[in-house]
Amino acid sequence: MSIELLEALSNADGIASNETEVRQVLCQELDSLPFLKCYDGLGSLIFTKVGQDPSKSIMICGHLDEVGFMVRTISETGLISLMVVGGVKPLAQHFQKVRITTFDGQKIVGFISGGYRDGVTEELICDIGASSDEEVADLGIEVGNMVCFDSAFEHLAPQSMYMGKALDNRLACYIMAELMKDIADKDLPITIHFAFTSSEEVGIRGAKTSAQLVNPDSVFVIDVATYSDSTTRNHLNQRQVGKGPILTHFDRTLAPNIQMIRFVKEIASQYQIPLQLDMFSSGGTDGGQAHLVHEGKPTVVTIVPVRHGHCPYSLVSSKDICQMIDLYRGMMMNCSTAVCEQFKSFK
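Counting in full-length UniProt numbering, the sequence shown runs from 1 upward without gaps.
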C-alpha cells in the first residue's frame, strides 16, 4: 500500500464543489499514466483506459468531496457563523478544531462551538481568536470559504489500522488510483472509466454528470459505510472493520442490478475475498444518480467498512482496503464484452 498517497488524500481539504486540493493530489499521482483525462462541468475528474472492445465500457466511481462547513456570516466582534455542508454528525459540530481555507488557499485555524436553546444548536460559530470583522477580513476570510476538520492522518498501534478525516470518500479515491497504476500497462477486455466525482455529499451530483458524459454500459460504485453502533460485533453488523468489503443489496436510492450482484460474488469467490452482505435503510451513494442517466445504467455498490463517519476521524483497516483492490482487479480483468452484455439481459 502507498500510505503516503492515502495520507495526502485524507489531509487534503475538499467540500462539495471545492475539491481542487484533492484533484491536485490525484493528478500529481496519475497524470503520467497512459489514460485519457477529462472533467465534467461540476469538477469531477475522469480517467479512461481504452480496452480491446472500445464499444463496451464500465464506470468505476467514488466521490472527491467530504462533509464540512462553509463561512456563512462574520460578526462585528469577529465571530464566524458556519453553515454545515453535508451530513456532519451533530456531536461533531461542537468543540472541534477546524481550518478555514481562503479563496487564495491560505489556512486559518479555528475552533467551532454552538449557541444553544433547549438543547438544540441555534447557531454554529467558529472562533479564530479575532476581535473584529476587520481583523477577520485582514486574514482573507470571506463568506463562502471552505471549513474542514483540522485532523491529521495517523497510523494506529494495531499495524493494520489507520485514522484520518475525509475517509468518506478518499478511500475510494485511493483505491481507484491504485487500480489505475496496476492496470496502466495491461490490456483490458473493455474500456474502463475511473470517475472521481464531485458533490456527492450534498445530493449525489457529480455521479450523474460523469455518467452522462462518458455514457458507460454499467456502473460500479465504491464508497464507505459505518454501523450505527460500532461496539456491535455480531451478525447484525455487516459493516465490521477487518472483515472484508461490503456488497450492498439495497439502499434508499438504488436497487442494484442482480446480474452485477452475482458477478461481484463470483469474482470474490474465485479470488477468495470475503464479502460482507448488507442493505442500507437510509442514505445512498453515487449509484443513486448514476443509474438513472440516459436509458438507465446497471449499477452495483461496493463499500469499505469504517468505524465512525462524518466526523473529525474515521478508522479503517488496510486489510479491507487491499481486499477491495484485489476484488476490483479481478472484476476488471474478467469483465468481458459478454459479461457486460449479460448485465443488461432481462429475459
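Cβ atoms here follow ideal geometry from the backbone N, Cα and C, with glycine treated the same way.
Just curious, the alpha helix (DSSP H) that V22 is in, first and last residue? As a working note, residue 22 is residue 22 in the sequence shown. It spans T20 to L30 - the alpha helix (DSSP H) in which V22 sits, taken as one unbroken run.
For S75 and L124, believed in contact at Cβ under 8 angstroms, the rounded distance: Numbered from 1 along the sequence shown, position 124 holds the residue referred to as residue 124. Numbered from 1 along the sequence shown, position 75 holds the residue referred to as residue 75. Actually they are not in contact, since the Cβ atoms of L124 and S75 sit about 13 angstroms apart, beyond 8 angstroms.
Cα-Cα, which of H193, V224, F103 and R233 is closest to P216? Numbered from its first residue, the sequence shown carries residue 216 at position 216. Of the listed residues, the one whose Cα sits closest to P216 is H193.
Residues near T226 by beta carbon distance below 7 angstroms, same chain, minus five either side: By 1-based counting over the sequence shown, the position of residue 226 is 226. Correct list, in chain order: R239, V306, R307, H308 and G309.
Enumerated in chain order, which unbroken segments of the alpha helix (DSSP H) with a length of 4 residues or greater are wholly contained in the region 130-195? 133-138 and 167-183
Give every residue of the same chain whose Cβ lies closer than 8 angstroms to the Cβ of I46, excluding the five residues on either side of it in the sequence, and list them in chain order. One-based indexing of the sequence shown puts residue 46 at position 46. Once the five neighbours on either side are set aside, the close Cβ partners of I46 are K37, C38, Y39, D40, H193, F194, A195, F196, S210, L213 and V214.
Taking the alpha-carbon of S318 as reference, which of L64, Q28 and G164 has the nearest alpha-carbon? One-based indexing of the sequence shown puts residue 318 at position 318. The residue with the shortest Cα to Cα distance from S318 is G164.
Within the continuous alpha helix (DSSP H) that includes C38, where are the two ends? Here residue 38 refers to the residue found at position 38 of the sequence shown. Note, C38: premise wrong, no alpha helix (DSSP H); beta strand (DSSP E) at L36 to Y39.
Starting from T327 and walking both ways along the alpha helix (DSSP H), at which residues does that stretch end? Against the sequence shown, residue 327 aligns to sequence position 327. For the record, residue 327 in the displayed sequence is Leu; it is not Thr. It spans S318 to N334 - the alpha helix (DSSP H) in which L327 sits, taken as one unbroken run.
Unbroken beta strand (DSSP E) run spanning R262, endpoints: If you number the sequence shown from 1, residue 262 lands on position 262. Here R262 belongs to no beta strand (DSSP E); instead the alpha helix (DSSP H) covers I258 to Q270.
Exposed or buried, what is N18 when buried is set at 16 or more other beta-carbons lying within 10 Å of its beta-carbon? By one-based count along the sequence shown, residue 18 stands at place 18. N18 should be labelled buried.
Residues near I325 in its chain [Cβ-Cβ closer than 6 angstroms; skip 5 each side]: Against the sequence shown, residue 325 aligns to sequence position 325. Only I175 and E178 meet the Cβ criterion.
Thinking C-beta only, is E201 closer than 8 angstroms to E66? On the sequence shown, residue 66 is found 66 positions in, with the first residue counted as 1. On the sequence shown, residue 201 is found 201 positions in, with the first residue counted as 1. Yes.
If you follow the alpha helix (DSSP H) that A8 is part of, which residue opens it and which one closes it? Counted from its first residue, the sequence shown places residue 8 at position 8. Element bounds for A8: I3 to N11.
CA-to-CA distance, V71 to M83, given in whole angstroms: On the sequence shown, residue 83 is found 83 positions in, with the first residue counted as 1. On the sequence shown, residue 71 is found 71 positions in, with the first residue counted as 1. Their Cα atoms are separated by approximately 6 angstroms.
From which residue to which residue does the alpha helix (DSSP H) around V339 run? Taking the sequence shown and counting its residues from 1, the one referred to as residue 339 is at position 339. T337 to Q342 is the extent of the alpha helix (DSSP H) around V339.
Quick check: the region 44-61 against the region 85-104, are at least 3 beta-carbon pairs closer than 8 angstroms? no
What residues are listed by DSSP as bridge partners for R72? Walking along the sequence shown from the start, residue 72 turns up at place 72. Beta-bridge pairing links R72 to no other residue.
Does the distance from the CB of I58 to the CB of V293 come in under 8 angstroms? Counting from one through the sequence shown, the residue named residue 58 turns up at place 58. Counting from one through the sequence shown, the residue named residue 293 turns up at place 293. It is not a contact, given that the beta carbons lie outside the stated cut-off.
Exposed or buried, which one is residue 351 when buried takes at least 16 other CB atoms within 10 Å? Nothing in the structure corresponds to residue 351, since the chain is present only between 1 and 347.
Considering only the beta carbon of each residue, do N257 and T285 sit closer than 8 angstroms? Taking the sequence shown and counting its residues from 1, one reaches residue 257 at position 257. Taking the sequence shown and counting its residues from 1, one reaches residue 285 at position 285. No, these two residues do not count as a Cβ contact at 8 angstroms.
Can the beta-carbon of L247 be found closer than 8 angstroms to that of C173? Within the sequence shown, the letter at position 247 stands for residue 247. Within the sequence shown, the letter at position 173 stands for residue 173. Not a contact, by the Cβ cut-off of 8 angstroms.
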